[in-house]
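Right, one structure below, let's go through it.
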Amino acid sequence: MAGLVILAIMIVYLIISLIVVQLARKTAKKYGGRGWVWGWVAALVMYNLVFWDWIPTVVMHKYYCTTEAGFWVYKSREEWIKENPGVFETLVSPKGARNTFEGSTDSGNYTDTYITNQRFRWVVKRSGPHPLNLWREEQKFVDVKTGEVLAKYVDFASSQIRPTGSWQGWKFWLYSPHCAGGDMNKSLMRGFKNSLKGSLEE
Numbered sequence: 035m036a037g038l039v040i041l042a043i044m045i046v047y048l049i050i051s052l053i054v055v056q057l058a059r060k061t062a063k064k065y066g067g068r069g070w071v072w073g074w075v076a077a078l079v080m081y082n083l084v085f086w087d088w089i090p091t092v093v094m095h096k097y098y099c100t101t102e103a104g105f106w107v108y109k110s111r112e113e114w115i116k117e118n119p120g121v122f123e124t125l126v127s128p129k130g131a132r133n134t135f136e137g138s139t140d141s142g143n144y145t146d147t148y149i150t151n152q153r154f155r156w157v158v159k160r161s162g163p164h165p166l167n168l169w170r171e172e173q174k175f176v177d178v179k180t181g182e183v184l185a186k187y188v189d190f191a192s193s194q195i196r197p198t199g200s201w202q203g204w205k206f207w208l209y210s211p212h213c214a215g216g217d218m219n220k221s222l223m224r225g226f227k228n229s230l231k232g233s234l235e236e
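Numbering-wise (the working numbering), the sequence shown opens with residue 35 and increments by one.
Structure representation (structure tokens):
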């Protein structure tokens with residue numbers, strides 16, 4: 035329903051924009067000006083009233099995806115087990131999603147820390163909005179005994195408001211849920227985390 039309302043509004047806005055462009059052309063010609071120049075000026079103004087942040091958002095999203103996003107393993111499962119002989123066999127993953135929460139889901143700025151087992155924590159941090167409609171997600175898999183980060187995942191979404199379900203704001207053209215490869219990187223992070231969960235709590 036919301037999509038149909040937005041579509042109707044956009045069609046009305048397009049019609050109004052065409053009328054404004056025609057009026058600008060005719061008025062310019064009437065007073066001896068170049069109609070096509072003022073027509074383009076009017077079209078540019080009407081475009082920027084709504085779409086001014088579209089291209090900058092795409093550019094910034096691409097920039098941060100290129101410079102900051104990705105998945106990194108700083109110490110593999112095999113390396114950790116080798117450095118901690120006999121420990122992995124004692125690790126027990128608790129039933130249910132036990133976690134500590136800081137921040138506010140309403141604002142989109144919060145940190146969830148999940149207990150993977152006695153030795154590891156999975157830290158999920160989301161923040162935004164950053165300039166030009168960007169939202170950042172960072173996940174870390176941490177050895178709580180040493181404070182060492184074994185793996186990290188960073189991704190960026192772009193959206194007019196904090197993405198919630200199927201609604202990302204009326205500027206739907208700004209929405210991009212992940213960087214290129216973000217879904218795959220998220221799966222790799224989850225797979226790494228699960229590889230060090232240990233046995234399940236009975």
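All C-beta atoms in this analysis are idealised placements derived from N, C-alpha and C, irrespective of residue type, glycine included.
Member of C99, R155, T147, A103 whose CA lies at the smallest distance from the CA of L125: For the residues C99, R155, T147, A103, the minimum Cα distance to L125 belongs to R155.
Proximity of F190 and Y108 at Cβ, strictly below 8 Å: F190 places its beta carbon 8 Å or farther from that of Y108.
Environment of L168 [buried if 16+ CB atoms lie within 10 Å]: When all chains shown are included, L168 counts as buried.
K220 to S210 span [Cα, whole Å]: Going by the C-alpha atoms only, they are around 15 Å apart.
Same chain, Cβ closer than 7 Å to R68, neighbours up to 5 away in sequence not counted: Close CB contacts of R68 within its chain, under the 7 Å cut and outside five residues either way in sequence, are with A62 (chain order).
Beta-carbon proximity list for V178, same chain, < 8 Å, skipping 5 on both sides: Leaving aside the five residues that flank V178 on each side, the residues in its chain whose CB is nearer than 8 Å to its CB run, in chain order, R153, F154, R155.
Proximity below 8 Å, CB of T150 to CB of N133: No, the Cβ-Cβ distance between T150 and N133 is not below 8 Å.
Enclosing beta strand (DSSP E) for W207 [first to last residue]: That residue, W207, is in no beta strand (DSSP E); it is neither H nor E in DSSP.
CA-to-CA distance, K174 to P128, given in whole angstroms: Straight-line measurement puts the Cα of K174 at about 19 Å from the Cα of P128.
Same chain, Cβ closer than 7 Å to A214, neighbours up to 5 away in sequence not counted: Excluding positions up to five away in sequence, the list reads C99.
DSSP-derived helix/strand/coil call for P163: Reduced to three states, the DSSP call for P163 is strand.
Reference P163, options L83, T180, E182, T139, closest by Cα: When only C-alpha atoms are compared, the closest one is T139.
In DSSP terms, what L168 is bridged to: L168 is bridged by DSSP to H164, S192.
Residues near I115 in its chain [Cβ-Cβ closer than 8 Å; skip 5 each side]: Within the same chain, V121, F122 come within 8 Å of I115 by CB-CB distance, once the 5 residues on both sides are set aside.
Identity of the residues DSSP links to G137 by a beta bridge: DSSP lists Y144 as the bridge partner or partners of G137.
Span separating the alpha-carbon of V157 from that of L222: Per the coordinates, the alpha-carbon of V157 lies some 15 Å from the alpha-carbon of L222.
Those residues which DSSP pairs with W106 across a bridge: Per DSSP, the beta bridge partners of W106 are K186.
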